[in-house]
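**Student:** Numbering (UniProt numbering), first residue to last: 1 to 151.
In this text, a Cβ means the ideal position worked out from N, Cα and C, and glycines have one as well.
Okay, here's the structure, questions in a sec.
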């Protein structure tokens with residue numbers, strides 16, 4: 001049997017980024033369903049690994065030049081469609097809608113098989129190391145937009 005290469009950071013696809021995660025006991029509440037706040041963790045992992053797969057190292061950005069560059073969540077809209085349960089295998093999809101100026105807009109979904117569980121729109125502010133707004137460099141904006149088609 002031939003093993004397929006596997007990355008714990010997920011993979012870039014035509015639509016953006018795809019990350020697979022399992023639901024563990026620690027992710028659920030007393031009802032056995034995923035606790036609503038845990039979805040934020042899954043979404044964050046998707047965004048972080050998306051950056052990693054694009055070759056963007058956040059630790060390096062903060063000290064890449066004299067100004068520094070940091071991404072922070074400015075706003076998030078989440079629609080909870082259907083619950084996940086322990087042992088479900090989730091797919092976290094991340095797609096760049098906009099990248100430029102001092103912000104990025106990312107669309108994310110969490111699915112279990114073909115079932116849409118969560119859809120989220122995340123507005124990311126781009127700031128410098130001192131917390132002031134900063135323009136996203138064009139080369140970095142292009143990385144986020146390259147090959148990213150709507151979910």
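In the structure shown, what three-state DSSP assignment does residue 130 receive?
**Tutor:** coil
**Student:** Consult DSSP for residue 30 and reduce its assignment to one of helix, strand or coil.
**Tutor:** coil
**Student:** Can you have a look at residue 23 and say buried or exposed, based on whether 16 or more other CB atoms are within 10 angstroms of its CB?
**Tutor:** buried
**Student:** For my contact list, residue 106 and residue 94 are in at a C-beta cut-off of 8 angstroms; report their separation, rounded to the angstrom.
**Tutor:** 6 angstroms
**Student:** Count Cβ pairs between the stretch 97-117 and the stretch 51-65 that sit closer than 8 angstroms; are there 3 or more?
**Tutor:** These segments do not touch.
**Student:** Give a yes or no on contact between the stretch 54-66 and the stretch 78-88, applying the rule of three or more CB pairs nearer than 8 angstroms.
**Tutor:** Touching, no.
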